[in-house]
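**Student:** Numbering (my numbering), first residue to last: 8 to 306. Glycine included, each C-beta is placed from N, C-alpha and C at the ideal position.
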């Protein structure tokens, strides 16, 4: 005969698991099963929606607008042809007067007008066919990392979006160096393949790419590819936005060049517009290592 204590937690007057107690217990069990199923659906549905958005809707990123063309790659093999500039230039050579840039700054290129209407945080479009980069570039002064885990549609995205540092200015007078961040994603999206440029042979085959602002189409020539670690440098590349003088610019530029993984044969001079693409050195989100590709405008 079972001990009375065995069923002490059940309601009823019998130690033999009475019918009333069984009914009450099974009702509670059914309720728990229903609750667990509802909880499972509450977890599965958002994950399923996230995967559908990531796979079929490109993580919330728009399709390239009509007019964005493939990147011209001017060097298929061998060393890049370089025109060495004088080292004694005293002033920027490509600075435009406010009169010459006013019309450009106020007129968004037709191919970006619809995208800008959808999201006014858009500042440009980056295309590097060699590594599968074809994304909008965002900027949010005052909340620099807003797009760290958000797509163009502002919804959560593991890959986030490419974004321009809030300290950069693309309109005249522009900052000397534009810095674009992107995640080093294991699936190759965003800047997940940027580290291919760590190999000199890859660079020789793909030395140029395209980055347009909302107002101008631009071609870029890679100057250097660097690896470093956060806090390891006296003049970190991620603090180089502008310069107070030619001497200041040269010091910051040289600090970057000293970290170059190889000699591209390409140099920049004071007055050149620079662009830096920055990502983590590995796909681990906990690393403080960085990889950066530094380029100059060539058109």
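Specify, as a first and last residue, the run of the alpha helix (DSSP H) that residue 159 falls within.
**Tutor:** Translated into the one-based positions of the chain shown, residue 159 becomes position 152. Counting along the chain, residue 159 falls outside any alpha helix (DSSP H), and DSSP gives it neither H nor E.
**Student:** Is the beta carbon of residue 250 closer than 8 Å to that of residue 166?
**Tutor:** For the purposes of this step, residue 166 is identified with residue 159 of the chain shown, where counting begins at 1. For the purposes of this step, residue 250 is identified with residue 243 of the chain shown, where counting begins at 1. No.
**Student:** Could you pull out every residue in the same chain whose Cβ sits closer than 6 Å to the Cβ of residue 242, ignoring the five residues on either side in sequence?
**Tutor:** As a working note, residue 242 is residue 235 in the chain shown. Closer than 6 Å at the Cβ level, and outside the excluded window around residue 242, lie 259, 262.
**Student:** Quick one: grab the DSSP three-state call for residue 214.
**Tutor:** What you label residue 214 is simply residue 207 of the chain shown in a count that begins at 1. Three-state DSSP puts residue 214 in coil, outside helix and strand.
**Student:** Just to confirm, are residue 300 and residue 237 a CB contact at a threshold of 8 Å?
**Tutor:** Here the question's residue 300 lines up with position 293 in the chain shown. Here the question's residue 237 lines up with position 230 in the chain shown. In this structure, residue 237 does not lie closer than 8 Å to residue 300 by Cβ.
**Student:** I'd like to confirm the pairing. Which residues does DSSP put opposite residue 197 in its beta bridges?
**Tutor:** Against the chain shown, residue 197 aligns to sequence position 190. DSSP output for residue 197 lists 191 as bridge partner(s).
**Student:** Assuming residue 225 is part of the alpha helix (DSSP H), what are its boundary residues?
**Tutor:** The residue you call residue 225 lines up with position 218 of the chain shown. Note, residue 225: premise wrong, no alpha helix (DSSP H); not H, not E.
**Student:** Starting from the C-beta of residue 199, find all residues in its chain whose C-beta is less than 6 Å away, skip the five residues before and the five after it, and write them out in chain order.
**Tutor:** If you number the chain shown from 1, residue 199 lands on position 192. Within the same chain, residue 199 has close Cβ partners 191, 192.
**Student:** Alpha carbon to alpha carbon, what distance is there between residue 207 and residue 270?
**Tutor:** Your numbering for residue 270 matches position 263 in the chain shown. Your numbering for residue 207 matches position 200 in the chain shown. Looking at the two C-alpha atoms, the distance is approximately 8 Å.
**Student:** Going by beta-carbon coordinates alone, are residue 234 and residue 298 separated by less than 8 Å?
**Tutor:** For the purposes of this step, residue 234 is taken as residue 227 along the chain shown, with counting starting at 1. For the purposes of this step, residue 298 is taken as residue 291 along the chain shown, with counting starting at 1. Yes, they are a contact pair.
**Student:** So residue 122 is in the alpha helix (DSSP H); what residue range does that whole segment cover?
**Tutor:** Translated into the one-based positions of the chain shown, residue 122 becomes position 115. Taken as a continuous stretch (DSSP letters only), the alpha helix (DSSP H) holding residue 122 covers 117 to 125.
**Student:** Would you report the Cα separation of residue 223 and residue 185, rounded to the nearest angstrom?
**Tutor:** Taking the chain shown and counting its residues from 1, one reaches residue 223 at position 216. Taking the chain shown and counting its residues from 1, one reaches residue 185 at position 178. If you take the alpha carbons of residue 223 and residue 185, they lie about 15 Å apart.
**Student:** Kindly indicate which residue of 146, 256, 203 has the alpha-carbon position closest to the one of residue 178.
**Tutor:** Taking the chain shown and counting its residues from 1, one reaches residue 178 at position 171. Residue 178 has its Cα closest to that of 146, out of 146, 256, 203.
**Student:** Flag this pair as yes or no: are the beta carbons of residue 256 and residue 305 separated by less than 8 Å?
**Tutor:** The residue labelled residue 256 in the question sits at position 249 within the chain shown. The residue labelled residue 305 in the question sits at position 298 within the chain shown. The answer is no: Cβ separation not under 8 Å.
**Student:** Please specify which runs of the alpha helix (DSSP H), each continuous and at least 4 residues long, are wholly inside the region 225 to 298, giving them in chain order.
**Tutor:** Runs found: 253 to 264.
**Student:** For residue 304, which three-state DSSP category applies?
**Tutor:** Locating residue 304 in the chain shown gives position 297, counting from the first residue. Of the three classes helix, strand and coil, the one that applies to residue 304 here is strand, per DSSP.
**Student:** Per DSSP, what kind of secondary structure is residue 165 in: helix, strand or coil?
**Tutor:** Counting from 1 along the chain shown, the entry for residue 165 is found at position 158. DSSP places residue 165 in coil when its eight states are reduced to three.
**Student:** Would you mind reading off the limits of the beta strand (DSSP E) that contains residue 131?
**Tutor:** Counting from one through the chain shown, the residue named residue 131 turns up at place 124. Residues 129 to 135.
**Student:** Is DSSP giving residue 65 helix, strand or coil here?
**Tutor:** The sequence position of residue 65 within the chain shown is 58, counting from 1. The answer is helix: DSSP assigns residue 65 an H, G or I state.
**Student:** Whole-angstrom Cβ separation of residue 123 and residue 133, contact assumed at under 8 Å?
**Tutor:** Here residue 123 corresponds to residue number 116 of the chain shown, with the count starting at 1. Here residue 133 corresponds to residue number 126 of the chain shown, with the count starting at 1. Incorrect: roughly 16 Å between the Cβ atoms, too far for contact.
**Student:** Is the beta carbon of residue 187 less than 8 Å from the beta carbon of residue 162?
**Tutor:** In the chain shown, the residue the question calls residue 187 occupies position 180. In the chain shown, the residue the question calls residue 162 occupies position 155. Cβ distance not < 8 Å, so residue 187 and residue 162 don't count as in contact.
**Student:** Pull up the distance between the alpha-carbon of residue 216 and that of residue 277, whole angstroms please.
**Tutor:** Your numbering for residue 216 matches position 209 in the chain shown. Your numbering for residue 277 matches position 270 in the chain shown. Cα to Cα, the separation comes out at about 21 Å.
**Student:** Taking the straight line between their C-alpha atoms, what separation do you get for residue 174 and residue 274?
**Tutor:** Your numbering for residue 174 matches position 167 in the chain shown. Your numbering for residue 274 matches position 267 in the chain shown. About 24 Å.
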